[in-house]
Structure formats: C-alpha cells, structure tokens
Amino acid sequence: MSKINTVIFDMDGTVLNTLDDLTTSVNYTMEKFGFPQRTLDEYRRAFGSGIRRAIELTVPEGTSQEVIDEMVPVFKEHYDVHCLDKTGPYVGIIELMRELKKRGYKMAIVSNKIDSAVKELNQKFFSEVIEVAIGEQDGIKRKPAPDMVVKAMDELGSSAEEAVYIGDSEVDFATAKNSSLPCISVLWGFRDKAYLEEIGANIFAKEPSDVLEILSNWN
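For what it's worth, our numbering labels the leading residue of the sequence shown as 615, then goes sequentially.
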C-alpha cells in the first residue's frame, strides 16, 4: 500500500452532528404536506443517500413521486435557513483535523447534502483545515457513485492509492469500495456497529482519535 496522505470525510454523522436540524426541517416539510412527523431515531436510519431518499423512506406508503418532487424544495428552503440551529462538530473532530493537517494530510469533505449547505457548513466549522467540500450538484453523480470522491481527489492532487475514506453509513462503505479506497467506519454517527458489520465494514473508529492510530499503523 502506498503511503496515505489524503483523508476524505463524509459530512452528516461523520464530522457534523446534523441530525437535529435535518429532523426539524423534514418534519416541517411533512407538516406542510399534511403527513405525520417522525422521530429523530426514525430519521437517523433514513439519512445517508440525500434528502430526497430520506423523504421517500419516511412519507406515508403510496405517496406519489410528484408529491415528493414538491416536498424537496420546501425542505431545502427551510434547511438553508436552519442548518446551523443545532448542528456542530462531533467531540474530537476539530482536534483530529488539526492534527492531520499538522502531519501533512490533505483533506476533503464529500456529502450527498445540498452543495450550498455543504459549503456553508464547511466554511462555518472547518475552513481552517478542509481544502475541498463537495455536495450534491448538477452534473455529478451522488454517492455511492465514486464521482464526488474522484472530483475531490482531483482538486487535492491525490490518487486513490494515497487516500482513505471516512464515513458512518452503508452509503459511505459502498462509496469507498466504488472509489477503490479503504474505508474507516465511525461508530458515533447514524449507524451502529452491528449494522455496519452486516454490510461488510471491518475497520472501525470508536472515537476520532482512533483515526490517527489507524493511519499510523498503515503508514
């Protein structure tokens, strides 16, 4: 294995605890359309493949795609205003990123979240350490397709042989596999270890500092 010098992070459930604000905005959207609201834990299992998929998984059975088409922009408008109400980095994430930068690692964030929100949140919390932040946008396939990761590596001047992917979900594990990257699955996010093991994950970080130990062992 080549020396790892690039770390690509997922955003929601990996570097930022966004669950409360996502839940609030989806429930706002549900209420607008006369649908029942869901709990935070119900949404926890739905997030990971972008907001449209989360809505599809949580609206009442039989809801048409046309209605879902109408719901997505309602969510986006609300979330753009409220995406910073309760969101913040997980404990230890900033320290991890600072140490990685100190050691010379290049870093990026790739997310199925709306690109404008990804860039706003990155600017708010990680601008001192993260060089590239890419979200859902026209002309680039969403995760688990490798396109976002490839774009991030291109912008960083890195190759797959030099990079590792860090995420919290089955989408992240598949993204890493499709991008030919090793995957570190974090255990503080939206999925638990038992579920991650079921889908094939086998490298785990219980807390952010574990990432440093894993990378040190590889390098």
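Heads up, the beta-carbon is just placed ideally off N, CA and C, and yes, glycines get one too.
Rounded separation between residue i and residue j - CA only
i, j, result
"residue 766", "residue 747", "8 Å"
"residue 679", "residue 812", "31 Å"
"residue 654", "residue 633", "7 Å"
"residue 820", "residue 623", "15 Å"
"residue 712", "residue 649", "43 Å"
"residue 606", "residue 738", "Since the first residue shown for the chain is 615 and the last is 833, residue 606 is missing from the structure and cannot be characterised."
"residue 664", "residue 801", "20 Å"
"residue 662", "residue 651", "19 Å"
"residue 756", "residue 822", "25 Å"
"residue 735", "residue 699", "11 Å"
"residue 797", "residue 656", "25 Å"
Close Cβ partners of residue i (< 7 Å) along its chain, the five nearest in sequence each way excluded
i, result
"residue 727", "625, 626, 749, 750"
"residue 707", "629, 822"
Nearest-angstrom Cβ-Cβ length linking residue i and residue j, presumed shorter than 8 Å
i, j, result
"residue 724", "residue 762", "4 Å"
"residue 722", "residue 795", "So it is not a contact: roughly 12 Å between Cβ atoms."
"residue 710", "residue 825", "6 Å"
Cutoff 6 Å; reference residue i; Cβ partners in own chain excluding five residues on either side
i, result
"residue 832", "618"
"residue 693", "639"
In chain order, what are the residue ranges of uninterrupted beta strand (DSSP E) at least 3 long that sit wholly in the segment 765 to 804? 777 to 781, 797 to 800
Assess, as a yes-or-no matter, whether the segment 733 to 752 is touched by the segment 670 to 688 under the definition of 3 or more beta carbon pairs within less than 8 Å. no
Of all the alpha helix (DSSP H) runs that stay within the bounds of the segment 645 to 697, which reach a length of 4 or more residues? 654 to 660, 665 to 672, 679 to 696
Fully enclosed by the segment 727 to 763, which alpha helix (DSSP H) runs are 4 residues long or longer? 729 to 739
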